[in-house]
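**Q** Structure in structure tokens, see below.
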DNA sequence: TTTAGTGACTAATGCGCATTAGGTTCACGG
DNA sequence: CCGTGAACCTAATGCGCATTAGTCACTAAA
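Right, dumping it as structure tokens:
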């Protein structure tokens with residue numbers, strides 16, 4: 001800025017006013033300063049800006065997953081991509097960190113907060129009994145929870161969520177209409193808010209229809225567990241006629257396992273994946289899947305966070321209910 | 337720091353000396369200051385540190401991919417995970433950005449540099465005729481190129497690379513030994529350095545053995561193109577007996593396409609994937625794949641970058657040659 | 001007894017920006 | 001002709017830290 005001031009023949013303050021749209025300089029001078037700044041390729045030092053109270057111009061994103069669990073998962077990359085798109089417009093940086101568990105994640109938030117490193121954070125994989133909302137409230141760190149249900153106890157946090165309950169209800173509706181009465185839901189990690197929501201909804205739906213042979217089994221989202229659970233339930237007595245998998249990886253692995261056991265898909269057993277991706281079109285038959293726009297999900301979350309940073313108040317935003325894309329893996333229940 | 341100074345009954349300078357291990361304070365005072373800092377949960381403001389010449393304590397990572405291409409790809413997430421692991425030890429942040437193309441990527445580097453936002457960057461997907469090394473040289477931004485071959489013209493850049501040439505040679509060796517003479521390599525994006533290296537090596541190996549029916553076809557890495565190219569080459573006259581795919585997504589899609597066309601794997605056509613992941617074990621038969629440790633790849637790259645930041649000189653590090661994991665998709669060539 | 005030296009600390013400065021408090025000039029009204 | 005305000009600009013300050021240049025007391029050497 002000193003250089004710009006010298007080149008333009010004005011004081012540093014004038015440069016600051018000119019470049020930040022503050023009053024106090026003539027339009028003429030403003031233009032001249034702008035031009036010089038342009039020529040010099042000047043960009044404000046984020047450090048200096050941050051130091052003089054402008055915030056860090058950075059948003060944090062922590063992914064709490066053991067390194068070996070980071071497998072084939074298109075969701076996060078797409079989510080991040082959407083987040084970026086919105087943040088980039090505002091020249092906000094995304095500070096990304098992978099940690100082992102939620103405790104480490106909390107430590108990262110504390111550190112970022114103490115270091116004034118981020119202006120806000122995006123929280124994923126909310127859990128039942130989650131320590132993070134309390135912490136973020138305590139720290140006063142603006143935050144958007146992605147995938148959590150609206151939560152009255154944390155009025156400071158925004159929430160961007162998909163209606164899992166509604167989606168589950170519609171999936172069960174569809175399967176029921178096809179004659180399915182024995183349904184197993186191969187769920188994701190226990191303790192995750194959306195896992196629990198889906199499980200609760202499935203139970204409620206089953207109860208409503210008087211279906212006793214409907215249950216959920218939790219897993220770690222891996223192909224291995226997806227296949228293992230599939231084998232276990234299909235080898236039992238009165239095996240299910242429909243399987244709902246909480247992600248695409250397990251759905252594909254599960255469908256393969258079923259086929260190996262001699263169960264034809266969808267003649268003997270229908271398969272639904274709760275995540276749509278190229279994976280679902282890599283097996284025969286193609287898997288019916290709940291499709292949602294993860295990139296848009298990310299955009300929405302980022303928009304909520306920037307709104308919060310702009311001083312807006314927190315709110316809960318519901319993204320469209322995932323849509324069931326019927327492909328070849330769902331059909332009429334055997335014997336129905 | 338002012339608070340700490342007050343609580344400990346010393347000057348701010350003393351606090352700074354004490355906490356940074358500088359001489360000028362007694363051990364007794366140092367301990368007291370440390371303790372007070374601990375109690376107050378103090379962490380230095382990164383902005384202030386950066387402003388007083390300590391660097392931004394941040395490393396940049398740009399992924400130049402159109403949003404819709406960010407599909408099922410375990411490589412990057414694993415790579416980032418490994419990078420993180422090393423950076424976290426040093427309390428270095430990772431600034432992550434997704435952009436459309438290399439031109440945008442260069443713009444991001446320029447901006448980061450001007451804003452003093454990062455101390456160094458990690459560059460992925462190096463290309464033939466890549467503008468990035470020149471730019472980074474010009475900016476004087478420490479950088480590690482991931483996946484590029486050593487490059488004499490940029491003595492300032494470190495390189496972490498895998499020996500694609502060696503791996504390709506060994507794959508061709510193996511296939512040749514199994515009697516394969518007609519081999520098609522379904523390569524990735526043209527222009528990527530490693531794509532070109534593999535193509536060149538394949539051609540050389542074919543030439544050495546006098547094989548005329550060996551070729552490479554470039555794609556965009558998508559399952560769709562993988563399948564399309566597979567169909568095209570298998571439907572031609574004298575179809576290949578072995579297919580080498582540059583990633584797991586195409587390998588799986590290609591294997592499925594081959595099966596659909598009535599080509600049994602591996603009886604009629606052998607399939608090798610250049611990327612190993614859970615995907616390769618989701619189809620029957622399981623795919624033989626070149627396996628490498630992406631997490632460790634990331635760790636190595638991050639270590640090289642931190643070495644550079646510590647003032648070390650640039651070097652080229654070769655990671656172990658990917659190992660071919662023989663599974664069910666490779667076999668003796670029909671008629672051999 | 002003086003002097004130099006050393007250990008332990010404080011005061012002062014600068015990093016690059018935003019901002020607040022002052023200045024100077026000019027036009028206009030009384 | 002003075003006072004007054006507006007328009008435009010400059011000087012000075014602070015953000016939180018690292019660092020350099022002192023300051024002071026006390027000890028060992030001369």
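Residue numbers (the numbering used here), protein chains in the order written: chain X, 1 to 336; chain P, 337 to 672.
Virtual Cβ for every residue (Gly too), placed ideally from N, Cα, C.
The structure displayed is predicted, hence computed values, not measured ones.
1) Does the CB of residue 3(X) have a neighbour CB from chain P at under 8 Å?
2) For residue 223(X), would you say it is in contact with chain P, using Cβ-to-Cβ distances shorter than 8 Å as the test?
3) If the cut-off is 9 Å on Cβ atoms, which residues from the segment 605–624 of chain P count as contacting chain X, listed in chain order?
4) Is the CB of residue 601(P) under 8 Å away from at least one CB in chain X?
5) Which residue marks the beginning of the alpha helix (DSSP H) containing residue 116(X), and which one marks its end?
6) Starting from the beta carbon of residue 297(X), find every residue of chain P whose beta carbon is closer than 7 Å, and list them in chain order.
7) Mind pulling the chain P residues with CB within less than 7 Å of residue 249(X)?
8) Return the residues of the segment 357–380 of chain P that lie within a Cβ-Cβ distance of less than 9 Å from chain X, sorted by chain order.
9) Would the segment 178–188 of chain X count as touching the segment 204–217 of chain X if we require 3 or more Cβ pairs under 8 Å?
10) Whose C-alpha, out of 477(P), 446(P), 421(P) and 461(P), is nearest the C-alpha of residue 647(P)?
11) Which residues in chain X sit within 7 Å of residue 447(P), going by Cβ to Cβ distance?
12) With H, G and I counted as helix, E and B as strand and the rest as coil, what does DSSP make of residue 57(X)?
13) Determine whether the Cβ of residue 451(P) lies closer than 8 Å to any Cβ atom of chain X.
14) Any Cβ of chain P within less than 8 Å of the Cβ of residue 300(X)?
15) Indicate the three-state DSSP secondary structure (helix, strand or coil) for residue 245(X) in the structure shown.
16) Would the beta-carbon of residue 644(P) fall within 8 Å of that of residue 494(P)?
17) Taking C-alpha atoms, which residue in 78(X), 170(X) and 273(X) lies nearest to residue 247(X)?
18) Taking residue 189(X) as part of the beta strand (DSSP E), name the residues at either end of that continuous run.
19) Can you check DSSP and say which residues form a bridge with residue 456(P)?
20) Inspect the beta-carbon positions of residue 169(X) and residue 205(X) and report whether they are closer than 8 Å.
21) State whether the segment 316–336 of chain X contacts the segment 268–287 of chain X, with contact taken as three or more CB pairs (one from each stretch) at a distance under 8 Å.
22) Taking only beta-carbon atoms, is residue 411(P) less than 8 Å away from chain X?
23) Which runs of the beta strand (DSSP E) fall wholly inside the segment 252–293 of chain X and span at least 3 residues, in chain order?
24) Under the assumption that residue 235(X) contacts residue 261(X) (Cβ atoms under 8 Å), give the Cβ distance between them as a whole number of angstroms.
25) Apart from the five residues on each side of it in sequence, which residues of its chain come closer than 8 Å, Cβ to Cβ, to residue 166(X)?
26) Looking at the C-beta of residue 314(X), does it have a partner C-beta in chain P at a distance below 8 Å?
27) Taking just the CA atoms, how far does residue 527(P) sit from residue 465(P)?
28) Any idea what DSSP makes of residue 159(X), helix, strand or coil?
29) Take residue 443(P) as the anchor and find which of 43(X), 151(X), 83(X) and 49(X) has the nearest alpha-carbon.
30) For residue 291(X) and residue 94(X), I'd like the C-alpha separation in whole angstroms.
31) Going along chain X in order, which residues have a C-beta closer than 7 Å to the C-beta of residue 588(P)?
32) Mind checking who residue 433(P) pairs with in its DSSP beta bridge?
33) With DSSP as the reference, label residue 381(P) as helix, strand or coil.
34) Answer yes or no: does any C-beta atom of chain X fall closer than 8 Å to that of residue 351(P)?
35) So, with DSSP's three-state summary, where would you put residue 534(P)?
**A** Taking the coordinates as given:
1) Position 3 of the first chain holds residue 3(X). No, residue 3(X) does not count as interfacial toward chain P.
2) Residue 223(X) sits at position 223 when you count from the first residue of the first chain. So, interface residue.
3) For chain X, the residues of the segment 605–624 of chain P that bring a beta carbon within less than 9 Å of one of its beta carbons are 613, 614, 615, 617, 618, 619 and 620, in chain order.
4) Start at 1 with the first residue of the second chain, and residue 601(P) comes out as number 265. Interface criterion not met: the Cβ of residue 601(P) is under 8 Å from no Cβ in chain X.
5) Residue mapping note: residue 116(X) aligns to position 116 of the first chain, counting from 1. In the DSSP assignment, residue 116(X) falls outside any alpha helix (DSSP H), carrying neither H nor E.
6) Position 297 of the first chain holds residue 297(X). Result: empty, since nearest Cβ-Cβ is about 13 Å, beyond 7 Å.
7) Reading the first chain from its first residue, position 249 is the one you call residue 249(X). Residues of chain P passing the Cβ test: 614.
8) Listed in sequence order: 377, 378, 379 and 380.
9) Short answer: they touch.
10) Numbered from 1 along the second chain, position 311 holds the residue referred to as residue 647(P). Selected option, being the one with the closest Cα: 477(P).
11) Residue numbering aside, residue 447(P) sits at position 111 when the second chain is read from its first letter. The answer, in chain order, is 43.
12) Start at 1 with the first residue of the first chain, and residue 57(X) comes out as number 57. Coil at residue 57(X), not helix or strand.
13) The count along the second chain starts at 1 and reaches residue 451(P) at position 115. When Cβ-Cβ separations below 8 Å define contact, residue 451(P) makes contact with chain X.
14) Here the question's residue 300(X) lines up with position 300 in the first chain. Look at residue 300(X): its C-beta is not under 8 Å from any C-beta on chain P.
15) Reading the first chain from its first residue, position 245 is the one you call residue 245(X). Note: residue 245(X) maps to strand in three-state DSSP.
16) Position 308 of the second chain, counted from the first residue, corresponds to residue 644(P). Position 158 of the second chain, counted from the first residue, corresponds to residue 494(P). Yes, the Cβ-Cβ distance between residue 644(P) and residue 494(P) is below 8 Å.
17) As a working mapping, residue 247(X) is identified with position 247 in the first chain. Closest by alpha carbon: 273(X).
18) Indexing the first chain from 1 puts residue 189(X) at position 189. That residue, residue 189(X), is in no beta strand (DSSP E); it is neither H nor E in DSSP.
19) Counted from its first residue, the second chain places residue 456(P) at position 120. For residue 456(P), which the question treats as bridged, DSSP gives the partners 395(P).
20) One-based indexing of the first chain puts residue 169(X) at position 169. One-based indexing of the first chain puts residue 205(X) at position 205. Contact annotation: residue 169(X) and residue 205(X) have beta-carbon atoms nearer than 8 Å.
21) Contact between the segment 316–336 of chain X and the segment 268–287 of chain X is present, because at least three Cβ pairs lie under 8 Å.
22) Indexing the second chain from 1 puts residue 411(P) at position 75. By this cut-off, residue 411(P) is not an interface position.
23) Entirely contained in the segment 252–293 of chain X, the beta strand (DSSP E) runs reaching 3 residues are, in chain order, 270–273 and 288–291.
24) Residue 235(X) sits at position 235 when you count from the first residue of the first chain. Residue 261(X) sits at position 261 when you count from the first residue of the first chain. Sure, about 7 Å apart at Cβ, within 8 Å.
25) The residue given as residue 166(X) occupies position 166 in the first chain. 321, listed in sequence order.
26) Walking along the first chain from the start, residue 314(X) turns up at place 314. Closer than 8 Å: no.
27) By one-based count along the second chain, residue 465(P) stands at place 129. By one-based count along the second chain, residue 527(P) stands at place 191. Going from the Cα of residue 465(P) to the Cα of residue 527(P) covers about 8 Å.
28) Within the first chain, numbered from 1, the residue matching residue 159(X) stands at position 159. Strand at residue 159(X).
29) Along the second chain, read from residue 1 onward, the residue named residue 443(P) stands at position 107. Distance check between residue 443(P) and each of 43(X), 151(X), 83(X) and 49(X) places 43(X) closest, using alpha-carbon atoms only.
30) For the purposes of this step, residue 291(X) is identified with residue 291 of the first chain, where counting begins at 1. For the purposes of this step, residue 94(X) is identified with residue 94 of the first chain, where counting begins at 1. Computed Cα separation, rounded: 26 Å.
31) The count along the second chain starts at 1 and reaches residue 588(P) at position 252. 282, listed in chain order.
32) To locate residue 433(P), count along the second chain from 1; it is residue 97. In the DSSP output, where bridge partners are listed per residue, residue 433(P) has 398(P).
33) As a working note, residue 381(P) is residue 45 in the second chain. Three-state result, residue 381(P): coil.
34) Here residue 351(P) corresponds to residue number 15 of the second chain, with the count starting at 1. Taking Cβ atoms only, chain X never reaches closer than 8 Å to residue 351(P), which makes this a no.
35) Residue 534(P) sits at position 198 when you count from the first residue of the second chain. The answer is helix: DSSP assigns residue 534(P) an H, G or I state.
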